[in-house]
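*Asks:*
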Amino acid sequence: MDDDYKRPEQLLRLKIVLKRIGYGRSKFYQMLHSGDFPPGVRLGANRVAWRESLVEEWIRSRPVHDLRHPNRHVDHVA
């Protein structure tokens with residue numbers, strides 16, 4: 286297989302994005318409209334999708350908290 290091959294960018298529909306980020310529809314749209322979530326790509330008059338790479342980057346950028354110590358912030362997942 287060619288080493289230079291790159292997997293094409295995947296576009297995720299809303300249902301998949303919501304599953305990945307763990308938020309409901311109203312919270313998602315609140316974050317989207319406030320600029321706290323990357324904008325989608327319009328696929329048609331009533332169809333929008335989000336670039337998988339941007340969704341994954343957004344997930345990685347979220348702070349991780351140690352639930353045993355709620356006030357302690359963890360910089361990475363072990």
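To get our numbering, take the position in the sequence shown, counting from 1, and add 285.
Glycine included, every Cβ here is placed at the ideal spot set by N, Cα and C.
Under three-state DSSP, which class holds residue 354?
*Replies:* If DSSP states are grouped into helix, strand and coil, residue 354 belongs with coil.
*Asks:* Nearest CA to the CA of residue 341: which residue from 316, 295, 312?
*Replies:* For the residues 316, 295, 312, the minimum Cα distance to residue 341 belongs to 295.
*Asks:* Taking the C-alpha atoms as reference points, what is the distance between residue 318 and residue 350?
*Replies:* Taking the straight line joining both Cα atoms gives about 25 Å.
*Asks:* Quick check on the burial criterion: 16 or more other C-beta atoms within 10 angstroms. Buried or exposed for residue 307?
*Replies:* Residue 307 comes out exposed.
*Asks:* Which residue wins for smallest C-alpha separation from residue 339, given the options 305, 290, 291?
*Replies:* Of the listed residues, the one whose Cα sits closest to residue 339 is 305.
*Asks:* Comparing C-alpha positions only, which one of 293, 291, 299 sits nearest to residue 323?
*Replies:* That would be 299, whose Cα lies nearest to the Cα of residue 323.
*Asks:* Does the beta-carbon of residue 352 have 16 or more other beta-carbons within 10 angstroms, so that it is buried, or is it exposed?
*Replies:* Exposed, because fewer than 16 other Cβ atoms sit within 10 Å of the Cβ of residue 352.
*Asks:* With DSSP as the reference, please indicate the residues paired to residue 329 in a beta bridge.
*Replies:* In DSSP, residue 329 forms a bridge with 332.
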